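Following: one structure in structure tokens, then a few remarks.
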Amino acid sequence: MSLKVYQSDVLDRYETFLRAWRAQAQVHPGERVASRLAFEECTLENFGFRIPYHAPPAFEASDTPVVCLRVPTGGGKTLIGGHAIARVKRSLAPVEHSLTLWLVPTDAIRSQTLRALRTPGALLHDELRTLFGDVAVLDIDEALSVSPAVLDSHDTIIVTTMQAFKQAETDRLAVYRANGALMEHFRGIDGSGWSLAEALALRRPFIVVDEAHNQGSALAFDTLARLAPCAVLELTATPDRMHQPSNVLVSISASTLQSEDMIKLPVDMAVHPDWRIALREAIAKLDALQSAADAERSATGETLRPIMLLQAERQQKDNPDAMTIDRVRAALIEQFDVPAAQIARSATGIDELSDADPATLRFVITADKLREGWDWPAAYVLMSFRGSSTQMALEQILGRVLRMPQVTRKQQEALNCAYAFAVSNNLAEVAATLRDGLVQAGFERQDAKDLVRGTALSNGNDDLLRAQASVSVPLPAQDGCLVLPDFSQLPEATRKRIETKLELSPETGSLTLRGEWSAKEQKALKEAFREPAAVAALEQAFTHLQSPVAAPPKTPSELGQTFELPLLAWSQGDLLCDLGNAPALEGTLTLADVDFALDNAAFPRELETLQRARLRLGDAEKLKLDPLEQLDVQLGLFGVRDTASLEDLQWTLEQRLAAPDLDPEDLAAWLSGVLRHLLEVRGFSCSELVYQRVKLSDVLAQRIGHARRHGQHQRFLDLLGDEGRMSADARLQCVFKSGRYAWDWQYNGFVTLPKHFFPQIGNLQSQGEEFECADFIANRLDGVRDWVRNIERKPGAFSLPTSHQRFYPDFLVRMTDGRMLVVEYKGAHLYDNPEQVEKRRIGQLWERRAGERFRFVMPKRKNWGMIRAALGA
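Numbering follows this note's numbering, with no gaps: position 299 of the sequence shown is 304.
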């Protein structure tokens with residue numbers, strides 16, 4: 006699979022949520038709390054605090070899990086959505102062939118999605134065929150006549166717009182009308198006049214809502230509820246925060262995309278009031294980028310032709326000199342000698358992009374936004390003729406210059422950034438608009454302020470763009486659960502004014518304020534919280550917002566410096582690799598030593614559920630079932646055949662449990678023993694086992710996983726016994742530098758933590774023992790040159806292997822005398838458990854192999870003296 010690390014992590018977290026939902030539904034039958042408890046459990050793990058779950062009213066009774074994956078522009082939402090189908094099928098829906106309804110906001114995006122799903126060679130098409138084999142991809146017209154045989158024999162995806170289903174008066178839409186072509190779907194069920202919507206509801210589809218921010222409304226969720234989905238997944242860059250708040254399960258930051266080479270950042274911006282000078286500089290930048298691209302091709306072989314997007318002005322009656330699309334084109338040709346073949350226009354009534362030659366195209370001119378679905382990662386430069394006197398709309402096309410060509414960081418540093426030029430005499434205003442554009446592209450406001458850097462071409466001086474244009478404050482928490490503001494009691498006019506001046510981000514645990522706030526608006530926001538701590542934080546925020554703040558000094562990363570630490574390596578001859586990837590740790594798992602007998606505690610019989618599944622659907626729907634049981638029963642009607650084959654079941658289990666360290670013949674023999682024991686000793690029927698195949702697979706995966714971990718643990722201990730093969734030196738290092746630091750959220754406390762290597766401090770709460778450790782390092786430890794808040798499970802982070810997983814020490818410290826200190830903080834309640842003892846042992850091993858300049862320390866419960874002692878202070 007071609008998933009990036011963060012994309013796999015997003016999908017793993019989504020699958021963890023689905024499994025948590027099933028587990029909670031089993032523990033709390035009939036209570037309709039599984040979605041809330043599973044969401045709070047998973048957000049605690051993902052973000053460090055529980056976030057309240059907002060059940061759409063239409064789904065409260067069914068307790069259908071509805072969550073959102075927040076992925077900014079350029080993050081691969083569509084690919085993640087395709088893989089999410091496989092995760093739902095594996096962990097939630099016990100059917101042989103899945104049914105997915107993929108809803109998009111516009112016909113243009115519908116056509117683009119269908120193309121990606123149907124075109125051989127397209128990434129999404131090929132990935133899904135690898136996951137499922139044959140996949141049926143239908144548009145809504147094809148779905149109106151689909152036969153049961155197609156749904157019974159294929160994983161099926163129906164792609165359409167929300168508007169095809171979204172209508173208060175349902176009889177006006179084809180999907181709700183009686184459809185004789187679909188009668189075969191309802192064989193054996195009383196009734197007449199069945200529709201496509203009812204045929205879909207029979208099979209409890211998985212619903213993917215793409216670009217969910219364009220779909221959300223009470224009517225939209227009522228529409229989805231009519232289809233009785235097994236789960237709803239929202240994919241968006243900008244989730245709803247205020248009206249029907251999205252349940253954001255995972256949020257991807259700009260830094261994560263940048264560290265995985267998905268996008269170009271930061272955005273270098275320049276402005277000038279004379280459009281001729283601004284355009285001249287933009288063209289000069291494009292030429293310089295082409296020179297850099299030529300050097301890149303010589304070094305790496307990658308061919309790249311950077312292009313410029315130009316945003317023209319609209320025709321204006323009171324401004325006959327407006328730089329319209331045609332005037333911009335004429336200026337390029339007549340004043341800057343650009344060949345006409347290098348220019349394409351895209352606007353209402355004009356679409357020259359379709360016939361443009363990629364080998365010659367260099368300039369694309371538009372008015373407000375480009376044709377939907379147009380995607381050209383080679384776009385590097387954005388030039389806007391919108392002056393400060395008119396409403397600027399840079400954000401509508403800004404996302405087009407952010408995608409990284411070939412998803413590969415370039416050796417030429419200039420090719421790793423995006424560029425924006427604007428006609429204006431107000432640098433700060435243009436910077437604010439660009440930041441708004443980044444927020445609209447899905448980046449957090451507190452991130453966006455650091456992602457735009459600019460110059461006024463008229464004087465060449467850097468503006469104080471890094472001054473405090475916005476302030477983020479931590480949201481209050483009670484018993485580990487965030488407390489969100491309640492705006493329901495505010496007058497509508499006040500609420501609307503406030504909404505334009507704040508960004509609420511539960512997954513980062515923060516509220517970002519910007520602009521000018523009147524005393525009345527400040528009072529209204531404070532009343533929405535009420536908690537004294539939150540009110541005090543808001544008062545500090547308003548004070549900071551109103552006070553001019555000088556730009557902070559540049560950090561070491563911004564000055565082009567690096568921060569290196571040696572990794573723990575294993576060597577054999579000329580081979581040198583990270584210890585965690587040592588060939589000696591690889592091995593084949595022998596299943597002959599793994600018990601195949603599943604007793605009743607490990608795999609109980611559920612005869613009643615199976616009997617209900619065998620009922621005709623018309624009767625089954627009348628039964629009072631818990632949400633989980635209803636899901637299993639209804640899906641089971643389409644997943645259990647009277648001719649269920651033991652061979653088919655074993656083949657399915659082999660496919661689900663296959664792994665590189667398992668010999669296929671060994672796995673087949675072991676599974677044969679498992680099934681024989683269940684059939685002959687436990688008395689299961691083949692139909693029972695087929696019906697419970699998802700649960701059976703999970704139980705067997707856990708048993709195999711336990712045996713695998715035991716074997717890895719033993720091999721790791723054996724490896725540690727040969728310390729002479731291990732090293733930690735400059736041959737294999739973790740290197741931190743600009744553009745290579747990923748986080749999920751930024752520290753937003755009011756206590757200043759100086760000397761951080763990067764301008765941002767990632768994944769650090771503004772209170773708690775880890776914060777106190779950071780405060781000690783930044784403000785009280787003598788001799789610190791700089792330090793890094795290390796982020797676990799992020800590409801490029803520093804880590805050390807253990808016998809079961811990698812661990813990521815909390816803080817990395819570089820002293821002025823050149824010594825390096827690795828700090829892994831642990832509270833007293835965890836300090837002596839076996840996992841932490843092993844971490845200390847590995848850290849001490851790394852210290853010995855790295856040499857005299859390197860130290861590892863695990864301070865216990867605010868004992869900061871241990872840090873000083875590790876340095877010999």
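Note that beta-carbon positions come from the ideal geometry of N, C-alpha and C, so glycine has one too. Given the structure is predicted, the values throughout are model-derived calculations rather than measurements.
One Cα belongs to GLN660, the other to THR135, and the distance between them is close to 12 Å.
Residue environment for MET167: buried (at least 16 other C-beta atoms within 10 angstroms of its C-beta). In this structure, DSSP gives SER96 a helical state, which the three-state scheme calls helix.
Given a length threshold of 4 residues, each whole run of the alpha helix (DSSP H) inside the region 476-538 is given here in chain order: 497-504 and 524-534. For TYR746, no alpha helix (DSSP H) encloses it, and the DSSP letter there is neither H nor E. Taking the CA atoms as reference points, THR371 sits about 9 Å from ALA349. Under DSSP, TYR424 takes part in a beta bridge, and its partners are ASP273 and VAL386. Collapsing the DSSP output to three states places PRO839 in a helix. Contact check for ALA779 against LEU769 passes: the beta carbons are separated by less than 7 Å. In the structure shown, GLN765 falls within a coil segment according to DSSP collapsed to helix, strand and coil. The alpha-carbon of SER562 is positioned some 26 Å away from that of ALA384. If you draw a straight line from the Cα of ASN324 to the Cα of GLU339, it is about 22 Å long.
Under DSSP, PHE368 takes part in a beta bridge, and its partners are MET313 and ILE348. In this structure, LEU658 lies away from LEU684, with their beta-carbon atoms at least 7 Å apart.
In the DSSP assignment, THR21 falls within the alpha helix (DSSP H) that extends over 10-32.
Partner residues in the beta bridge of GLN321, as assigned by DSSP, are ASN324. Ranked by Cα distance from VAL253, the first of ALA423, ARG55, LEU294 and PRO62 is ARG55. For GLU239, the enclosing beta strand (DSSP E) begins and ends at 236-241.
The straight-line gap separating the alpha-carbon atoms of LEU443 and CYS73 is approximately 20 Å. Here ILE782 has VAL789, TRP792, PHE816, VAL818, VAL828 and ILE872 as same chain residues with Cβ atoms under 8 Å from its own Cβ, once five neighbours each way along the sequence are excluded. The beta-bridge partner set that DSSP reports for ASP342 is empty.
When DSSP states are grouped into helix, strand and coil, VAL756 belongs to the coil group. Less than 7 Å divides the Cβ of LEU129 from the Cβ of THR83. Fully enclosed beta strand (DSSP E) runs of no fewer than 3 residues occupy 140-144 and 160-166 of the region 137-199, in order along the chain. Under a 10 Å Cβ-count criterion, ASP266 is classified as buried, with 16 or more other Cβ atoms of the shown protein chains found around its own Cβ.
Beta-bridge pairing by DSSP links VAL740 to GLU569. Counting of Cβ neighbours within 10 angstroms places PRO537 among the exposed residues, the total staying below 16. Within the DSSP secondary-structure output, VAL862 pairs in a beta bridge with VAL828. When C-alpha distances from ARG519 are compared across ALA437, ASP668, PRO125 and ASP631, the shortest belongs to ALA437. Burial state of GLN29 is buried, judged by a 10 Å Cβ sphere holding 16 or more other Cβ atoms.
Looking at the backbone, the Cα of ARG713 and that of GLY585 are separated by about 15 Å. Going by DSSP, ILE709 is part of the alpha helix (DSSP H) stretching over 698-725. Taking the Cα positions, ILE847 is about 15 Å away from LEU570. Taking 7 Å as the cut-off, the Cβ atoms of LEU550 and GLY514 do not count as close. DSSP places TRP381 in no beta strand (DSSP E); its state is neither H nor E. Using a Cβ distance threshold of 7 Å, ALA202 and ARG231 count as a contacting pair.
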